[in-house]
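Visitor: Supplied in structure tokens, the structure appears directly below.
2 protein chains.
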Amino acid sequence: MADATDAANAVHGANAVKGADGTNGADERLAAMADVSSLETDRLLLGRTSTAERVADVLRDRVAEGFFPPGTRLSEDSIKGALGISRNTLREAFRLLTRERLLVHELNRGVFVRVVTVEDLGDIYRVRELVEGAAVRSLGEPPYGAEADEAIRAIEAAVVAGEEAAQGRAWQNLATANIRFHQGIVALAGSPRMNDLMRGVLAELRLVFHVMADPRRFHAPYLTRNRQIVEALQAGHGAAAESLLADYLADSRSQLSGAYAQQMADG
Amino acid sequence: MADATDAANAVHGANAVKGADGTNGADERLAAMADVSSLETDRLLLGRTSTAERVADVLRDRVAEGFFPPGTRLSEDSIKGALGISRNTLREAFRLLTRERLLVHELNRGVFVRVVTVEDLGDIYRVRELVEGAAVRSLGEPPYGAEADEAIRAIEAAVVAGEEAAQGRAWQNLATANIRFHQGIVALAGSPRMNDLMRGVLAELRLVFHVMADPRRFHAPYLTRNRQIVEALQAGHGAAAESLLADYLADSRSQLSGAYAQQMADG
DNA sequence: TCTTGTCGGATCGTTCAACAATCGTCTACG
DNA sequence: CGTAGACGATTGTTGAACGATCCGACAAGA
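Just so you know, the protein sequences line up as chains H and D, in that order. So for the first sequence, this note's numbering puts the first residue at 254; every next one is plus one. So for the second sequence, this note's numbering puts the first residue at 254; every next one is plus one.
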């Protein structure tokens, strides 16, 4: 859970960085005496966070872990008291989270944890099929670029994490690993905007899982398929991976949407 | 300028609507006694807006029309005074616009109109090629659904608007029409999330056009190609439209990225 | 002359208090 | 039984205040 937090923040922070500023080319003399250029990488990590962002991090984790189930109203007063922050700061954190589609804001009524509709779920899968498929296809033939290689390593790490979680019956961690697997798939495309989109979509999907009992049923069967996909990627069989992934998503979609519709109908 | 404003707001409002609420199917009796159904369209417009959202609308338009060029710092104090609103409300509006990637927020330094980097531009086109292409492909064979038919009508309306703008040498309107054309293309997929993504991406692209002189050069040549594409769509030649679109994007990309890189280098 | 330390104004981050607007519910009345 | 209206709770918005941070200017030192 803690690592899920860190990972989410890291990705978010990396994407939030704006483009290069124009301060290059004037200090080559300095760079000659000490290798200052190596610090430029760290500079992105330096981005400090405001209180509102940290509050948003806390609330995001709470929502992700199911502490605030979908539909819950997040009262300004109670949360402000519990976290010891001002109302304005809390409202700013709320805005940040509505941006991520985790919360919805209703005028004069407050903010609620998003309730994903069945139509939303269909759209989520449409996006996934499109984006994840395109990401794999964009790989082309090996050798891949350094960026893609790193993405593949991240994917494999997610698979391993999932296998360990399954072994330890830590279903929550399994869900996290599964989400990170697909995040890694999209990262193959190397497009920050696609990563951003998919991060939001997968966060929404997590909300879906939270209203379902027995998360194991929706994650465990896909462990071996994740493994197959990453092995295909590592072997350079992009087309095979894409095909496996398409089947995966189709199966997952039908299984999940059926169960979710029923769950929503039951209340 | 005024119509650009209205259009931007209308599009934004339509896309900002959250998923279907569950209030359908229960009031058919009412519709029978008086023609209430004609009001259902307006109902989405009826969603009241907070002050912060209206402020955000104003600022969004100002940015879109180039009143605030990229890189401009938006001072809280001066804008708050000019609009006659509280600082907190203004900050909330800023948050809304940073969510749309129009502004960037730097801690303790304020908010700035986004400066799109050359890398951003590359990513923007990657996303466009992927998403717009997939949207057209998702059409399949005619007859299309009602949703897709309406999207095609919107596309054609955008083409007509563009042709009229070109005739009147209203280059700003031409840019708007062009953007709306591509927004319509994506709407073919019928995916709210894709529409959302593309709205943001096209808004970013507008920022690019604002730092370039002679907008005509980047829009006028594509008028006839827009026309060809929409005619292919109307004729049910999806594959042809997709191919035309792909060429369009490739040409646009190379023309724009070259000019933009040079523009950024010149300062 | 160049570098470094220090200062002060301007602006942002955050909190607090207050009031207006709105929502939901409960009640009393027809 | 249904409905209008009052009430309490919560959100929307404002205004002021204080500390923190940034940035340019200016002075001291090598």
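We put the CB at the ideal spot given by N, CA and C, even for glycine.
Using only the alpha-carbon positions, how far apart do R506/D and R446/H sit?
Guide: Going by the C-alpha atoms only, they are around 17 angstroms apart.
Visitor: Touching or not, the region 402-421 of chain D and the region 432-446 of chain D, by the rule of three or more beta carbon pairs under 8 angstroms?
Guide: With a cut-off of 8 angstroms, the region 432-446 of chain D and the region 402-421 of chain D count as touching, because enough Cβ pairs lie within range.
Visitor: Just to confirm the assignment, what range does the alpha helix (DSSP H) spanning H472/D have?
Guide: Its alpha helix (DSSP H) spans residues R469 to H472.
Visitor: Which residues of chain H have a Cβ atom closer than 9 angstroms to the Cβ of D376/D, listed in chain order?
Guide: Within 9 angstroms Cβ-Cβ: G443, S444, P445, R446 and M447.
Visitor: Taking C-beta pairs closer than 8 angstroms, name the residues in chain D that E345/H reaches, listed in chain order.
Guide: The answer, in chain order, is R344, E345 and R348.
Visitor: Write down every uninterrupted run of the alpha helix (DSSP H) in the region 314-338 of chain H whose length is 4 residues or greater and which is fully enclosed by it, in chain order.
Guide: Counting whole runs of 4 or more residues, the region 314-338 of chain H contains the alpha helix (DSSP H) stretches 329-336.
Visitor: Going along chain H in order, which residues have a C-beta closer than 8 angstroms to the C-beta of L450/D?
Guide: Neighbours of L450/D on chain H, chain order: R446 and L450.
Visitor: If you compare alpha carbons, which of A423/H, D310/H, N431/H and R326/H is closest to R367/H?
Guide: Looking at the Cα atoms, R326/H is the closest of the given residues.
Visitor: Quick one: using the 10 Å Cβ neighbour count with 16 as the cut-off for buried, is S444/D buried or exposed?
Guide: So S444/D counts as buried.
Visitor: S510/H to Y475/D, Cα distance in whole Å?
Guide: C-alpha separation (whole angstroms): 42 angstroms.
Visitor: Grab the span of the alpha helix (DSSP H) containing G393/H for me, first residue to last.
Guide: Unbroken run through G393/H: none, as it is neither H nor E.
Visitor: Can you have a look at A309/H and say buried or exposed, based on whether 16 or more other CB atoms are within 10 angstroms of its CB?
Guide: Buried, since its Cβ has 16 or more Cβ neighbours within 10 Å.
Visitor: So, at 6 angstroms on beta carbons, what are the nonlocal neighbours of P433/H in its own chain, with the 5 sequence-adjacent residues on each side left out?
Guide: Residue 433/H is actually Arg in this sequence, not Pro. These residues qualify, in order along the chain: A411.
Visitor: Please confirm whether N352/D has its beta-carbon closer than 8 angstroms to some beta-carbon of chain H.
Guide: Inspection of the sequence shows that residue 352/D is occupied by Arg rather than by Asn. Interface residue, yes.
Visitor: Quick check on DSSP: helix, strand or coil for G363/H?
Guide: In the structure shown, G363/H sits in a strand (DSSP, three-state: E or B).
Visitor: Below 8 angstroms, how does it come out for the region 370-378 of chain D and the region 368-387 of chain H: are there three or more Cβ pairs, yes or no?
Guide: No, the region 370-378 of chain D is not in contact with the region 368-387 of chain H.
Visitor: Could you name the residues of the region 372-398 of chain H whose beta carbon sits closer than 7 angstroms to any beta carbon of chain D, in the order they occur along the chain?
Guide: Residues passing the 7 angstroms Cβ filter: E372, D373, D376, R379, V380, L383 and A387.
Visitor: Hey, how far is the Cα of Y501/H from the Cα of G375/D?
Guide: Going by the C-alpha atoms only, they are around 30 angstroms apart.
Visitor: Taking the alpha-carbon positions, what's the A317/H to A346/H distance?
Guide: Using only the alpha carbons, I get a separation of about 16 angstroms.
Visitor: Under a three-way DSSP split, which group does H490/D fall into?
Guide: H490/D: coil per DSSP, three-state reduction.
Visitor: Flag this pair as yes or no: are the beta carbons of L356/D and L350/D separated by less than 8 angstroms?
Guide: Yes, the pair counts as a contact, with Cβ atoms nearer than the cut-off.
Visitor: Give me, in chain order, the residues of the same chain whose beta-carbon lies closer than 6 angstroms to that of R550/H; leave out the 5 immediate sequence neighbours on both sides.
Guide: Given that chain H is displayed from residue 254 to residue 520, the structure contains no residue 550/H and the question cannot be resolved.
Visitor: Are Q516/H and F471/H close, meaning C-beta to C-beta below 8 angstroms?
Guide: Going by C-beta atoms, Q516/H is not nearer than 8 angstroms to F471/H.
Visitor: Less than 7 angstroms between the CB of E409/H and some heavy atom of the ligand FMN, yes or no?
Guide: The model depicted lacks the ligand FMN and carries no ligand whatsoever.
Visitor: To the nearest angstrom, how far is the alpha carbon of Q420/H from that of A414/H?
Guide: Roughly 10 angstroms separates the two Cα atoms.
Visitor: Assuming the contact rule is C-beta atoms closer than 8 angstroms, A388/H and A442/H should be a hit. Round their C-beta distance to whole Å, please.
Guide: Indeed, because the Cβ distance is near 4 angstroms, the residues count as touching under 8 angstroms.
Visitor: Could you name the residues of the same chain whose beta carbon sits closer than 7 angstroms to that of D519/D, not counting the 5 residues immediately before and after it, in chain order?
Guide: Counting only Cβ-Cβ distances below 7 angstroms, and skipping sequence neighbours, we find nothing.
Visitor: Looking only at its own chain, which residues have a Cβ that is under 8 angstroms from the Cβ of E385/D, when we skip the five neighbours before and after it?
Guide: Closer than 8 angstroms at the Cβ level, and outside the excluded window around E385/D, lie H435, I438, V439, M451, L498 and L502.
Visitor: Starting from M447/D and walking both ways along the alpha helix (DSSP H), at which residues does that stretch end?
Guide: Note, M447/D: alpha helix (DSSP H), P445 to H463.
Visitor: Please report how far the alpha carbon of R459/D lies from the alpha carbon of E403/D, in whole angstroms.
Guide: Answer to the nearest angstrom: the Cα atoms are 25 angstroms apart.
Visitor: Does L209/D pass the burial test, meaning 16 or more other C-beta atoms within 10 Å, or should it be called exposed?
Guide: As displayed, chain D neither begins before 254 nor continues past 520, which places residue 209/D out of reach and without an answer.
Visitor: Under a three-way DSSP split, which group does L356/H fall into?
Guide: It is a strand residue.
Visitor: What's the gap between the Cα of L486/H and the Cα of R381/H?
Guide: Cα to Cα, L486/H sits roughly 18 angstroms from R381/H.
Visitor: For V316/D, return the contacting residues in chain H, with the cut-off set at a CB-CB distance below 9 angstroms.
Guide: Per Cβ cutoff of 9 angstroms: no residues; V316/D is ~15 angstroms from chain H at best.
Visitor: Check whether chain D comes within 8 angstroms of L312/H, counting only Cβ atoms and requiring the distance to be less than that.
Guide: By this cut-off, L312/H is not an interface position.
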